[in-house]
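Peer 1:
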Amino acid sequence: MIFTIARNELRRMFLSPLAWVILAVVMAILAFMFLSSVQYFVMIQSRLLSMGSEDGVTAVVVAPLLGNAAVVLLLVAPLVSMRLVADERRNKTLSLLFSAPVSMTEIVLGKYLSLVAFLWLILAMVALMPLSLLAGGTLDFGLFGAGLLGLALLLAAFAAVGLFMSTLTQNQSVAAVGTFGLLLLFWILDWAGRGSGASGILGYLSILNHYEPFLQGIFDTSDAAYLVLFILTFLMLSIRRLDMDRLGG
Amino acid sequence: MNDAALVEVDDLSRSYGSIMAVNHISFSIRRGQVLGFLGPNGAGKTTTMQILSGNLAPSTGRIRIAGHDLLEAPHSAKQAIGYLPEQPPVYRELTVDEYLDYCAGLNRIARAKRRAAREAAKMKCGLSDVGRRLIGNLSKGYQQRVGLAQAIIHMPPVIILDEPTVGLDPIQIREIRHLVRELGKEHGVILSTHILPEVQATCDWVQIINKGSLVLNDSIEGLSRHMQSSALSVALRQPPDLGLIESLPGIKSVQDEGNGHLRLFYDPETDPTDALVDLAVQKRWGLYELQPERASLEDIFVHITTEERDSPKGNAA
Chain A
0 MIFTIARNEL RRMFLSPLAW VILAVVMAIL AFMFLSSVQY FVMIQSRLLS MGSEDGVTAV
60 VVAPLLGNAA VVLLLVAPLV SMRLVADERR NKTLSLLFSA PVSMTEIVLG KYLSLVAFLW
120 LILAMVALMP LSLLAGGTLD FGLFGAGLLG LALLLAAFAA VGLFMSTLTQ NQSVAAVGTF
180 GLLLLFWILD WAGRGSGASG ILGYLSILNH YEPFLQGIFD TSDAAYLVLF ILTFLMLSIR
240 RLDMDRLGG
Chain B
0 MNDAALVEVD DLSRSYGSIM AVNHISFSIR RGQVLGFLGP NGAGKTTTMQ ILSGNLAPST
60 GRIRIAGHDL LEAPHSAKQA IGYLPEQPPV YRELTVDEYL DYCAGLNRIA RAKRRAAREA
120 AKMKCGLSDV GRRLIGNLSK GYQQRVGLAQ AIIHMPPVII LDEPTVGLDP IQIREIRHLV
180 RELGKEHGVI LSTHILPEVQ ATCDWVQIIN KGSLVLNDSI EGLSRHMQSS ALSVALRQPP
240 DLGLIESLPG IKSVQDEGNG HLRLFYDPET DPTDALVDLA VQKRWGLYEL QPERASLEDI
300 FVHITTEERD SPKGNAA
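Chains as they are written, first to last, in numbering that gives the first Met the number 0: chain A, 0 to 248; chain B, 0 to 316.
(1) Which residues in chain C sit within 9 angstroms of Leu226 of chain A, going by Cβ to Cβ distance?
(2) Would you check if the segment 209-218 of chain B and the segment 51-65 of chain B touch, i.e. whether three or more CB-CB distances between them fall below 8 angstroms?
(3) Got a sec, what are the start and stop residues for the alpha helix (DSSP H) Met50 of chain A sits in?
(4) Is Gly104 of chain B close to chain A, meaning its C-beta is less than 9 angstroms from at least one C-beta of that chain?
(5) Could you give the residue range of the alpha helix (DSSP H) that holds Gly146 of chain B?
(6) Do you know whose CA, among A:Leu188, A:Ala62, A:Val84 and A:Arg6, lies nearest Gly144 of chain A's CA?
(7) Enumerated in chain order, which unbroken segments of the beta strand (DSSP E) with a length of 3 residues or greater are wholly contained in the segment 238-297 of chain B?
(8) Taking just the CA atoms, how far does Glu85 of chain B sit from Ile152 of chain B?
(9) Which residues in the same chain have their Cβ closer than 6 angstroms to the Cβ of Ala72 of chain B, if we skip the five residues on either side of it in sequence?
(10) Should Thr201 of chain B be labelled buried (16 or more other beta-carbon atoms within 10 Å of its own) or exposed?
(11) Whole angstroms are fine: how far does the CA of Pro248 of chain B sit from the CA of Asn314 of chain B?
(12) Give me, in chain order, the residues of the same chain whose beta-carbon lies closer than 7 angstroms to that of Pro311 of chain B; leave out the 5 immediate sequence neighbours on both sides.
(13) Please list, in chain order, all residues of the same chain as Asp309 of chain B whose beta carbon is under 7 angstroms from its beta carbon, the five residues on each side excluded.
(14) Given that a residue counts as buried once 16 or more other Cβ atoms are within 10 Å of its Cβ, and exposed if not, what is Ser17 of chain B?
(15) Which residue spans inside the segment 52-101 of chain B form an unbroken alpha helix (DSSP H) run of at least 4?
(16) Per DSSP, which one or two residues make a beta bridge with Val8 of chain B?
(17) So which residues on chain B does Ser94 of chain A lean against when the C-beta distance must stay under 8 angstroms?
(18) Could you spell out where the alpha helix (DSSP H) holding Asp217 of chain B opens and where it closes?
(19) Would you list the one or two residues that DSSP bridges to Thr192 of chain B?
(20) Apart from the five residues on each side of it in sequence, which residues of its chain come closer than 7 angstroms, Cβ to Cβ, to Leu234 of chain A?
(21) Would you say Ala316 of chain B lies against chain A (beta-carbon separation less than 9 angstroms)?
(22) So, does the CB of Arg91 of chain B fall closer than 9 angstroms to a CB anywhere in chain A?
(23) Short of 7 angstroms in beta carbon distance, which residues of its chain neighbour Leu228 of chain A, apart from the five on each side in sequence? Order them along the chain.
(24) Looking at the unbroken alpha helix (DSSP H) that takes in Asn208 of chain A, where does it start and where does it end?
(25) Would the segment 75-85 of chain B count as touching the segment 117-129 of chain B if we require 3 or more Cβ pairs under 8 angstroms?
(26) According to a CB-to-CB cut-off of less than 7 angstroms, which residues of the segment 106-136 of chain B neighbour chain A?
(27) Taking buried to mean at least 16 other C-beta atoms within 10 Å of its own C-beta, is Ile159 of chain B buried or exposed?
(28) In chain order, what residues of the same chain lie with their CB nearer than 8 angstroms to the CB of Leu130 of chain A, ignoring the 5 residues before and after it?
(29) Please name the residue, chosen from B:Tyr265, B:Asp203, B:Leu215 and B:Ile207, that lies closest to Val233 of chain B on a Cα-to-Cα basis.
(30) Looking at the structure shown, is Asp309 of chain B part of a helix, part of a strand, or coil, going by DSSP?
(31) Does the beta carbon of Gln143 of chain B sit closer than 9 angstroms to a beta carbon anywhere in chain A?
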């Protein structure tokens with residue numbers, strides 16, 4: 000049932016021009032970033048060798064690419080997630096799901112899954128860029144894999160926030176702005192208390208602090224657990240919020 | 000499973016803050032019954048429909064659909080319902096076929112049977128020619144039919160239709176009413192509307208809801224008895240002294256409408272028509288019009304729903 004809903008959501012997403020435009024723009028920007036850093040790497044390659052640095056192409060090209068992709072997708076994810084529930088609420092099509100024999104959890108998970116699938120599709124296309132370097136060399140697959148896993152979890156977290164924000168309103172723009180604001184806040188949360196040494200609880204809550212280790216090739220279960228808990232929290236909130244539609248008033 | 004009552008609503012109420020939208024109503028519906036749910040705007044019709052379809056939780060009360068409690072076993076109960084809300088819940092960017100396939104999936108129809116279910120629903124709703132068209136490009140009437148097809152695709156025992164003929168042209172209205180009557184043979188149908196002739200044309204049981212309370216719950220036949228009015232409209236060329244008519248057996252009162260037009264109210268037990276005609280001929284009053292007054296459903300509706308606001312209108316006596 001979850002997959003029926005997810006498939007329908009994905010189909011409708013790709014029937015709107017928005018999905019295609021987002022794919023095109025994100026790819027164009029990231030490809031430009033990728034090519035510039037490849038060019039930079041070619042320029043400094045001999046210097047790196049002479050300095051005896053251990054940084055290879057993966058550290059110089061791939062890690063920054065994934066870092067940049069996270070920022071670009073932070074801007075883009077709200078645009079994809081905003082319509083999920085808000086649009087259905089405005090068009091009064093939610094009652095189709097509510098009167099069908101499906102539970103609120105299945106509705107939320109179905110919609111969430113479609114969003115994650117879309118974002119992971121972008122991720123897969125981004126991953127193709129570094130893989131193209133295999134034509135002329137080799138990659139540090141440990142570092143690359145950790146980075147991809149980190150970005151995958153991060154995107155899933157973006158999706159959970161986006162879905163929750165979309166359940167709050169019937170106005171798509173409100174959902175998009177809310178998602179963007181909340182994600183950015185979590186991103187910059189460690190700015191508070193920076194310089195005072197230990198950044199404390201705010202630093203721990205910052206989503207960026209849990210993404211960066213992945214880019215350095217460190218897989219820390221506590222980082223992964225943070226992201227998973229983050230996702231579960233917002234999914235639970237979404238289910239609660241949709242239930243309120245039935246109960247509240 | 001209790002086949003006698005498909006829907007049992009017991010002491011249902013729903014409040015929005017301090018406003019009681021639905022106030023402790025109870026009713027039931029059997030297979031093969033078309034229940035007309037009447038009420039003025041804001042009476043609580045749509046709220047009741049939304050509660051029955053699981054879109055709103057009731058504040059108090061119990062609902063059993065085909066033997067399943069809507070709150071305790073929502074899956075089985077909802078599987079037994081087809082619901083068409085006021086605004087058909089259609090995705091404009093899908094084709095009719097795509098949309099109906101999705102609805103079939105949502106209602107847990109096995110993959111192999113979906114195609115047959117879709118074609119059957121399309122056939123019933125007159126959609127066979129538009130399967131490949133985008134719903135957004137269809138007219139309002141066709142979108143309404145798509146919504147109806149969605150409600151019946153899994154052949155639910157109970158079909159709930161919230162104002163299904165709003166915004167349709169007269170021919171489409173006739174078709175939809177015909178369809179509702181057809182559906183009423185095998186299913187239990189609840190039809191909400193504020194169009195009175197629709198109820199007379201399609202339903203065999205009527206409920207009138209006003210300010211959240213059920214004020215009438217009767218069969219169409221029972222209602223016709225209500226509508227047997229006990230008044231005569233008479234026009235005379237030479238009207239006599241009113242007292243003379245009042246003295247006829249059974250006449251309770253006479254109302255002079257001017258120009259020789261009279262309205263006679265009589266005791267339903269004794270019909271004074273024959274006596275009146277005899278007397279009119281005998282005394283040469285010049286009787287040229289004689290009509291028994293029938294209260295329409297509209298009169299009853301107006302009478303019942305305005306009762307609390309002002310005194311009952313005379314013509315529904």
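All residues carry an ideal CB built from backbone N, CA and C; glycine is no exception.
Peer 2: Straight from the coordinates:
(1) Of the chains in the structure shown, none is chain C; the protein chains are A and B.
(2) No, they do not touch.
(3) To locate residue 50 of chain A, count along the first sequence from 1; it is residue 51. Per DSSP, Met50 of chain A is one residue of the alpha helix (DSSP H) stretching across Pro16 to Met50.
(4) As a working mapping, residue 104 of chain B is identified with position 105 in the second sequence. Yes - at least one Cβ of chain A is within 9 angstroms of the one on Gly104 of chain B.
(5) The residue given as residue 146 of chain B occupies position 147 in the second sequence. Where Gly146 of chain B is concerned, the enclosing alpha helix (DSSP H) stretches over Lys139 to Ile151.
(6) The count along the first sequence starts at 1 and reaches residue 144 of chain A at position 145. Ranking the options by Cα distance to Gly144 of chain A, first place goes to A:Ala62.
(7) Annotation note: the segment 238-297 of chain B contains the following uninterrupted beta strand (DSSP E) runs of length 3 or greater, listed N- to C-terminal: 250-257, 260-265 and 286-291.
(8) Here residue 152 of chain B refers to the residue found at position 153 when the second sequence is read from its first residue. Here residue 85 of chain B refers to the residue found at position 86 when the second sequence is read from its first residue. Approximately 18 angstroms, taken between the alpha carbons.
(9) Translated into the one-based positions of the second sequence, residue 72 of chain B becomes position 73. Nothing meets the Cβ criterion.
(10) In the second sequence, the residue the question calls residue 201 of chain B occupies position 202. That one is buried.
(11) Position 315 of the second sequence holds residue 314 of chain B. Position 249 of the second sequence holds residue 248 of chain B. Legend: pLDDT at Asn314 of chain B = 40, less than 50; position of this residue unreliable, value from coordinates given subsequently. Answer to the nearest angstrom: the Cα atoms are 21 angstroms apart.
(12) Walking along the second sequence from the start, residue 311 of chain B turns up at place 312. With a pLDDT of 40 at Pro311 of chain B, under the threshold of 50, the modelled position of this residue cannot be trusted; read the value that follows with caution. Setting aside the 5 residues that flank it on each side, Pro311 of chain B is surrounded in the same chain by His302, each with a C-beta closer than 7 angstroms to its C-beta; the list follows chain order.
(13) Counting from one through the second sequence, the residue named residue 309 of chain B turns up at place 310. Because Asp309 of chain B sits at a pLDDT of 47, beneath the cut-off of 50, its placement in the model cannot be relied upon, and the point is left open.
(14) Translated into the one-based positions of the second sequence, residue 17 of chain B becomes position 18. Under the 10 Å beta carbon count, Ser17 of chain B is surrounded by fewer than 16 other beta carbons and is classified as exposed.
(15) The segment 52-101 of chain B contains these whole alpha helix (DSSP H) runs: 73-78.
(16) Here residue 8 of chain B is taken as the residue at index 9 of the second sequence, counted from 1. In DSSP, Val8 of chain B forms a bridge with B:Phe26 and B:Ile62.
(17) The residue given as residue 94 of chain A occupies position 95 in the first sequence. In chain order: Gln49, Ser52, Asn54, Tyr82, Pro84 and Pro88.
(18) As a first step, residue 217 of chain B is located in the second sequence; it is residue number 218 there, counting from the start. First-last for Asp217 of chain B: Ser212 to Ser218, but that is the beta strand (DSSP E), not the alpha helix (DSSP H).
(19) The count along the second sequence starts at 1 and reaches residue 192 of chain B at position 193. Thr192 of chain B is bridged to B:Leu37.
(20) Here residue 234 of chain A corresponds to residue number 235 of the first sequence, with the count starting at 1. Excluding residues within five positions, the ones whose Cβ falls inside 7 angstroms are Val107, Tyr111 and Ala159.
(21) Looking up residue 316 of chain B in the second sequence gives position 317. Low confidence applies to Ala316 of chain B: its pLDDT is 35, below 50, so where it sits in the model is not reliable, and the reading given next is rough at best. No, no contact with chain A.
(22) Taking the first residue of the second sequence as position 1, residue 91 of chain B is located at position 92. Closer than 9 angstroms to some Cβ of chain A, the Cβ of Arg91 of chain B qualifies, so yes.
(23) For the purposes of this step, residue 228 of chain A is taken as the residue at position 229 of the first sequence. Same-chain partners within the cutoff: there are none.
(24) Mapped onto the first sequence, residue 208 of chain A falls at position 209. Per DSSP, Asn208 of chain A belongs to the alpha helix (DSSP H) from Ile206 to Leu214.
(25) Contact fails: fewer than three Cβ-Cβ distances are below 8 angstroms.
(26) For the segment 106-136 of chain B, the beta-carbon criterion of a distance under 7 angstroms to any beta-carbon of chain A is satisfied by Asn106 and Arg107.
(27) Numbered from its first residue, the second sequence carries residue 159 of chain B at position 160. Answer is buried; the Cβ neighbour count reaches 16.
(28) Mapped onto the first sequence, residue 130 of chain A falls at position 131. Same-chain partners within the cutoff: Leu138.
(29) Here residue 233 of chain B refers to the residue found at position 234 when the second sequence is read from its first residue. It is B:Tyr265.
(30) Looking up residue 309 of chain B in the second sequence gives position 310. Low confidence applies to Asp309 of chain B: its pLDDT is 47, below 50, so where it sits in the model is not reliable, and the reading given next is rough at best. Coil, per DSSP.
(31) Within the second sequence, residue 143 of chain B is the residue found at index 144, counting from 1. Not closer than 9 angstroms to any Cβ of chain A, the Cβ of Gln143 of chain B fails to qualify, so no.
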